[in-house]
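**Student:** Numbering (the numbering used here), first residue to last: 10 to 408.
1) In this structure, what does DSSP give as the bridge partners for residue 203?
2) Once the 5 residues before and after residue 230 are set aside, which same chain residues still bring their CB inside 6 Å of it?
3) At the level of alpha carbons, what is the spacing between residue 359 and residue 365?
4) Roughly how many angstroms separate the alpha carbons of residue 195 and residue 184, rounded to a whole number?
5) Helix, strand or coil, according to DSSP, for residue 188 in the structure here?
6) Could you give the distance in angstroms between the alpha-carbon of residue 157 and the alpha-carbon of residue 130?
7) Roughly how many angstroms lie between the CA atoms of residue 178 and residue 166, to the nearest whole one?
8) Go through its chain and collect everything with a Cβ distance to residue 4's Cβ below 6 Å, but skip five positions before and after it.
9) Can you tell me whether residue 391 is helix, strand or coil according to DSSP?
10) If residue 98 sits next to residue 228, beta carbons under 8 Å apart, how far is it from one beta carbon to the other, in whole angstroms?
11) Given that a residue counts as buried once 16 or more other Cβ atoms are within 10 Å of its Cβ, and exposed if not, what is residue 388?
12) Classify residue 350 as buried or exposed, calling it buried when 16 or more other Cβ atoms lie within 10 Å of its own Cβ.
13) Below 6 Å CB to CB, which residues in the same chain sit around residue 149 once its five sequence neighbours on both sides are set aside?
14) Pull up the distance between the alpha-carbon of residue 234 and that of residue 273, whole angstroms please.
15) Could you pull the DSSP bridge partners for residue 323 from this structure?
16) In the DSSP output, what is residue 364 paired with across the bridge?
17) Roughly how many angstroms lie between the CA atoms of residue 220 and residue 200, to the nearest whole one?
18) Nearest by alpha-carbon distance to residue 107: which of 176, 113, 225, 232 is it?
19) Tell me whether residue 222 is buried or exposed, calling it buried when 16 or more other Cβ atoms sit within 10 Å of its Cβ.
20) According to DSSP, is residue 280 helix, strand or coil?
21) Counting pairs of Cβ atoms below 8 Å between the region 389–398 and the region 331–346, do you hit three or more?
22) Note down the Cα distance separating residue 275 from residue 132, rounded to an integer number of angstroms.
23) Taking C-alpha atoms, which residue in 182, 187, 190 lies nearest to residue 206?
24) Quick one: residues in its chain with C-beta nearer than 7 Å to the C-beta of residue 380, no 5 flanking neighbours on either side, listed in chain order?
25) So, under 8 Å CB-CB, residue 333 and residue 352 are touching, yes? Tell me the CB distance rounded to an integer number of Å.
26) What's the C-alpha gap between residue 282 and residue 125?
27) Determine the contact status of residue 277 and residue 176, defining contact as a CB-CB distance below 8 Å.
28) Indicate the three-state DSSP secondary structure (helix, strand or coil) for residue 173 in the structure shown.
29) Between residue 375 and residue 368, how many whole angstroms is the CB-CB distance? I'm expecting something under 8 Å.
30) Could you work out which residue in 153, 292, 218, 172 is closest to residue 111 when comparing CA atoms only?
31) What are the start and end residues of the alpha helix (DSSP H) that includes residue 147?
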């Protein structure tokens, strides 16, 4: 085929035009790709910055290989830019333990309000609270009165002053009243709290009080086995959050729940052996307030009571008894028997370990045989090998 000069020129122009169109299409696709990338980036950031929810529980996967899920309660203040910080947590050992690093400097934009307690003791501490609109129990009482469980705290502090080398396990730490008071006495505290956002508040208060090196936070629930548990967050009472094991048994209005990893109580010993010099002291005080889940904790605790000297236990027992009575009314014989057996095992174990039960004032002795009929909401177990136990019942008025 032969081309004249005009045809060759036309062909060259067509080739040039096609080449320009091809190059232009590549550039357009590239530009469109960049624009789409920035659009997605903007949408993601916009959605994160515009969260306006009332105490939403947001599950956050920390480590997909371990299936461990952290959680956070986002403060419903629209002006707040607070977002929980999860890189403060790191795995420890092989049993699903996660430790919260209290020594890490906090971000300046953490907006929690913090108030000094007004207890009638030699020391007080700052506590960082929730908006009382959403936590009408602990946070409102701390903000208004500077007090929470004053009789319990009095006995707790009295025991720490009596046994000056005792450290503390705070199981169900909430916003850290007991943890922070013990830390201010220069005791090492294992502060166990599955709700990450509670630990953020303990973290800030610990830094304000300069006791962050005394507190070791564990972002775990404690149960009779290692598994995932669902924790229900109560509306208007964050401190009353509970493990949902029997549907419909725990009273209270709730619209939020979160999945957490549980460990057994003996697993805590692994942390203690690494973080505490047991050659100096093996004495510990246990405070446990986990909303009727206490009997599950004492199912797997042989080693921790064998290797540590637990001198006293401060336990919320009222929720346990309340739950047991609700189960009895439910006519569910299997669940009632199962939960009742766990309570009996816990009581039998404590009795065998030479603990004596008292009212929280530490003076009015209780009978193990009458736990169903006479035990109060909170019970103080004194270990009679280490602290004085009264042999008869005292009744004090006005304590």
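Glycine is no exception: its CB is placed at the ideal position from the N, C-alpha and C atoms.
**Tutor:** A quick look at the data gives this:
1) DSSP, once it has assigned bridges, lists no residue as partnering residue 203.
2) 203, 238, 269, 271
3) 8 Å
4) 19 Å
5) helix
6) 13 Å
7) 14 Å
8) Because the chain in this structure spans residues 10 to 408, residue 4 falls outside the shown range and cannot be described.
9) strand
10) 6 Å
11) buried
12) exposed
13) 141
14) 6 Å
15) 296, 389
16) 392
17) 13 Å
18) 225
19) exposed
20) helix
21) no
22) 32 Å
23) 182
24) 356
25) 6 Å
26) 33 Å
27) no
28) coil
29) 7 Å
30) 218
31) 147–154
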